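Visitor:
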Amino acid sequence: MELGVRLRSCQPPPNTSQPPPTAISFGTWPRSSHLAVLRGRPCPRPRRARAPQVAAPDSRPLETIRADSVGQGTKLRGGKFFPVEMTVRDCELDHYGVVNNAVYADYIEKAREEVASSLGISRCSIASTGNAMAVSDLKLNYLAPLKRGARFVVMVRVEIKGARMLVEHFIETLPERKLVLEATATVVCLNKHYRPTRVFPEVASKVLRFFSS
Numbered sequence: 001m002e003l004g005v006r007l008r009s010c011q012p013p014p015n016t017s018q019p020p021p022t023a024i025s026f027g028t029w030p031r032s033s034h035l036a037v038l039r040g041r042p043c044p045r046p047r048r049a050r051a052p053q054v055a056a057p058d059s060r061p062l063e064t065i066r067a068d069s070v071g072q073g074t075k076l077r078g079g080k081f082f083p084v085e086m087t088v089r090d091c092e093l094d095h096y097g098v099v100n101n102a103v104y105a106d107y108i109e110k111a112r113e114e115v116a117s118s119l120g121i122s123r124c125s126i127a128s129t130g131n132a133m134a135v136s137d138l139k140l141n142y143l144a145p146l147k148r149g150a151r152f153v154v155m156v157r158v159e160i161k162g163a164r165m166l167v168e169h170f171i172e173t174l175p176e177r178k179l180v181l182e183a184t185a186t187v188v189c190l191n192k193h194y195r196p197t198r199v200f201p202e203v204a205s206k207v208l209r210f211f212s213s
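To convert, note that position 49 of the sequence shown is 49 in the UniProt record's numbering; the numbers rise steadily by one, no gaps.
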């Protein structure tokens, strides 16, 4: 899915501002203080990401995307991916008519949140115990631009590596499936004292049930 995080309220932020990022589903990271060189046109409303419905925890998931269904040029190992479709909005463009580079971090964060929600992982439940989740490392590799009105899919895969979760993201255009961005985030679980701990059992079980089935 940088460890000095502050707990975010479980209430969704207003449309007009965004509070500093904190512990969220599959973690988050400190963003830049602004999205540089935006056109200044307000977005009409928050994007609602489109994601496949996931079956109940004791059922098999309804949708599976494997490495052989990913567009050419994407270097993937075998495994299951969770796809989240989105569309570029005008307010996300810079003066060159392409998506500002800082916006991609927002895309993949929204995709992680959609994955967590669909798997039944509640950030409010985690926060109520005094625990938290955070991104300790994030790497982005920009390969091609997204332009006004472009449709794209963010494919997410989560692996548990010891006390960490490794979250891979691949953004591809639709319907061409041209690879736009590769990103890897390391997500850690934090105890009440904000010290790293092993992945919470309730999180690990849901992640393994979906991505290892």
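Think of the CB as a built atom: it goes at the ideal place given N, C-alpha and C, for glycine as much as any other residue.
This one's a predicted model, so the numbers in the text were calculated from it and none came from an experiment.
1. In terms of residue numbering, what span does the beta strand (DSSP E) encompassing Phe82 cover?
2. Please confirm if Arg123 has its CB atom under 8 Å from at least one CB of chain C.
3. Ala163: which of Ser128, Cys189, His193, Asn100 sits nearest, CA to CA?
4. Could you compute how far the alpha carbon of Ser125 sits from the alpha carbon of Lys206?
5. On the three-state DSSP scale, how would you describe Arg123?
6. Since Asp106 is in the alpha helix (DSSP H), which residue starts that stretch and which ends it?
7. Where Pro201 and Leu140 are concerned, what is the direct C-alpha to C-alpha distance, given to the nearest angstrom?
8. Specify whether the stretch 107-126 and the stretch 141-161 touch according to this definition: at least 3 beta carbon pairs, one from each stretch, less than 8 Å apart.
9. Check this for me: beta carbons of Val153 and Leu174, under 8 Å apart or not?
10. Which of the three DSSP states is assigned to Ala204 in this structure?
11. Can you tell me which of Asp94, Ser212, Phe210, Arg123 puts its alpha carbon nearest to the alpha carbon of Pro145?
12. Which word fits Glu176, buried or exposed, when buried means at least 16 other C-beta atoms lie within 10 angstroms of its C-beta?
13. Sorted by chain position, which residues of the same chain lie with C-beta nearer than 6 Å to Arg151's C-beta, five sequence neighbours on each side aside?
Guide: In terms of the structure at hand:
1. Against the sequence shown, residue 82 aligns to sequence position 82. 80-87 is the span of the beta strand (DSSP E), which, as asked, contains Phe82.
2. Within the model displayed, chain C is absent; a lone protein chain is all it includes.
3. As a working mapping, residue 163 is identified with position 163 in the sequence shown. Of the candidates Ser128, Cys189, His193, Asn100, the one whose C-alpha sits nearest the C-alpha of Ala163 is Cys189.
4. Numbered from 1 along the sequence shown, position 125 holds the residue referred to as residue 125. Numbered from 1 along the sequence shown, position 206 holds the residue referred to as residue 206. Roughly 14 Å between the two C-alpha positions.
5. Along the sequence shown, read from residue 1 onward, the residue named residue 123 stands at position 123. The answer is helix: DSSP assigns Arg123 an H, G or I state.
6. The sequence position of residue 106 within the sequence shown is 106, counting from 1. For Asp106, the uninterrupted alpha helix (DSSP H) run begins and ends at 103-118, by DSSP.
7. Within the sequence shown, numbered from 1, the residue matching residue 201 stands at position 201. Within the sequence shown, numbered from 1, the residue matching residue 140 stands at position 140. Using only the alpha carbons, I get a separation of about 29 Å.
8. yes
9. Translated into the one-based positions of the sequence shown, residue 153 becomes position 153. Translated into the one-based positions of the sequence shown, residue 174 becomes position 174. Contact flag set, yes.
10. Your numbering for residue 204 matches position 204 in the sequence shown. Of the three classes helix, strand and coil, the one that applies to Ala204 here is helix, per DSSP.
11. For this step, residue 145 is matched to residue 145 along the sequence shown. Taking only the C-alpha atoms, the option nearest Pro145 is Asp94.
12. To locate residue 176, count along the sequence shown from 1; it is residue 176. Result: exposed.
13. As a working mapping, residue 151 is identified with position 151 in the sequence shown. Take Arg151, set aside five residues on each side of it, and the residues of its chain with a beta-carbon closer than 6 Å to its own are Thr87, Leu174, in chain order.
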